[in-house]
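Its first residue numbered 5, the sequence shown is counted upward by one per residue in this note's numbering.
The C-beta atom is built at its ideal place from N, Cα and C for all residues, glycine as well.
Since the structure comes first, as C-alpha cells, the remarks are kept for the end.
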Amino acid sequence: MSDKKKRSVWSVTLAVLAGLLVLAVIFVPIIDKNFKSTLKPELKEFAIENPDEVTEIFMASKSNVNSYVKLTKDANGKWMVNDEYPAEGEKVKVLLYEYLAKLKAKNPIPKSGVDNVIKSMASNAIKVEVYKGTRKDKVFYVGGNAADEMGTHMLLENSSMPFVVHIPGFMGYPAAIFNLNPKKWKSVNLFLTSIVELKSVSLFYPADAGGSFTITKNERSLDLQPFIIEDLKDPAQLNMPLLKQYTATFENLTYESIYEGLAAKLADSVVKATQPYAVIELLRVDGVKHVLKIYKKPVTADSPQHDNYGNVADHDLDRFYGVLNGNTEDILSVQSFVFKNILKRYEDFYTGANP
5 MSDKKKRSVW SVTLAVLAGL LVLAVIFVPI IDKNFKSTLK PELKEFAIEN PDEVTEIFMA
65 SKSNVNSYVK LTKDANGKWM VNDEYPAEGE KVKVLLYEYL AKLKAKNPIP KSGVDNVIKS
125 MASNAIKVEV YKGTRKDKVF YVGGNAADEM GTHMLLENSS MPFVVHIPGF MGYPAAIFNL
185 NPKKWKSVNL FLTSIVELKS VSLFYPADAG GSFTITKNER SLDLQPFIIE DLKDPAQLNM
245 PLLKQYTATF ENLTYESIYE GLAAKLADSV VKATQPYAVI ELLRVDGVKH VLKIYKKPVT
305 ADSPQHDNYG NVADHDLDRF YGVLNGNTED ILSVQSFVFK NILKRYEDFY TGANP
C-alpha cells in the first residue's frame, strides 16, 4: 500500500475515533443520568434535613420488644431518655448532626442479594423513627453490615430497595450508632444541680470523721461546719474563694461510665463487702437529696501498682466505684482526677492548709 493510501486510511480511522469520542462525551452522561434517575430519590434519602427541628428519635429492635431507646426533646431543648432520666446532650447532638444528617446511600444491594438482606432485616433490624413535632419525618430500618465496605444495609419505610449506607468521614459502620442500651445515652452528670439550686453539700469520711464537713449555702454566703464541732476553726482564716470554687464544682461533676458484665459483678462484690471511703450528700433547695457513696477499687493488672512516692498501691489510684442514690444495679466508674478536688478535708479550706 502506498504512503498516500496509508495516510488516507489513517485519517479516516482518526476521524471515526474522534466521532466515537464525541458521541461518548454526549451520551454516556445521559445514560448514566437516566440510570441513576430510575432510583427514586425518596427511596435512598436517609439523611435527616434540618436536624435542629427534630424532637424525638425512637430506635427499637424488631427481635426484642423490650429493647428500645426513646430520645425526646422538651420545651427547653433538654433531651430525655425513655421519659425517665436526662440524656447526655452532647451524645444526642453528635447523633443528630454528625450521623443522622450525613447518612448517604452508596449503592443498592445487588439484585441477587436483596431477598436475603430483606429477610434478615425482617427479624433482626433496628427500626428508627425520627419526629419533628408530631410529624413522623423519617422511618428506616438498619440491618447488618456490608461485608466488603464500611457501610450498613438500610431500608427506607415503604421501599423494597435496601442500600449500603455510609457516613462520609466516619470510619466505622453506621449500625454502631444506633445503640439500644438506654444507659449509654444517659447523662453522666451526677447531680444535675446548678449552684442556684444547691442548698447544702456534705462530705463524710466513715474512717475519718475529723476530715468531714458540711457546706450550707445561705442567701449571700457559704457556711462551713466540721462534722466534729470541737474542731471548728477560726472563721477569719477561712479561704472563701476556695470554698466558692469547691461548691461550684458540683454543678458539672461527672462519672466516667457504668460497669457492665464481669466488671459489674466484681464491683458489686466490693460494694457489698466494704464500707464507703467517702459519702457525698447533696441537698437541693427543692428538697431533693442525692447521695453518692464512693468505694476504693481493688488494684488490678491494668491499674498503677505504686503511688507517686514509690509505695505499693493498696487500691486503684485512677478510679473509684460509685453508688448513686443506693442504685447498686448501676455501679459507676468514678475517676480520681475528676474527684481530686472534691475529696478534701475540713482543714483544707483554711489559710495555711495544703492545696
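query: Selected residue, minimal CA-CA separation from residue 218, among 86, 103, 205; result: 205
query: Alpha-carbon to alpha-carbon, residue 193 and residue 160; result: 36 Å
query: Contacting residues, own chain, Cβ-Cβ under 6 Å from residue 2 (five flanking each side not counted); result: Past the edges of the chain, shown from 5 to 359, lies residue 2, and the structure says nothing about it.
query: Where residue 109 falls: helix, strand or coil (DSSP); result: strand
query: Whole beta strand (DSSP E) elements within the region 124–176, 3-residue minimum; result: 130–136, 139–149, 156–160, 167–170
query: Residues of its chain near residue 353, where Cβ-Cβ distance is below 7 Å and the 5 sequence neighbours each way are ignored; result: 228, 242, 243, 246, 247
query: C-beta neighbour in chain D for residue 48, strict 8 Å; result: Of the chains in the structure shown, none is chain D; there is only one protein chain.
query: Segment limits, alpha helix (DSSP H) that includes residue 245; result: 244–253
query: For residue 331, the three-state DSSP class (helix, strand or coil); result: coil
query: Proximity below 8 Å, CB of residue 113 to CB of residue 178; result: no
query: Residue 60 in three-state terms, based on DSSP; result: strand
query: Coarse secondary structure for residue 339, derived from DSSP in three states; result: strand
query: C-beta atoms of residue 92 and residue 190 nearer than 8 Å; result: yes
query: Residue closest to residue 148, alpha-carbon to alpha-carbon, out of 128, 282, 332, 138; result: 128
query: Euclidean distance between Cα positions of residue 48 and residue 336; result: 41 Å
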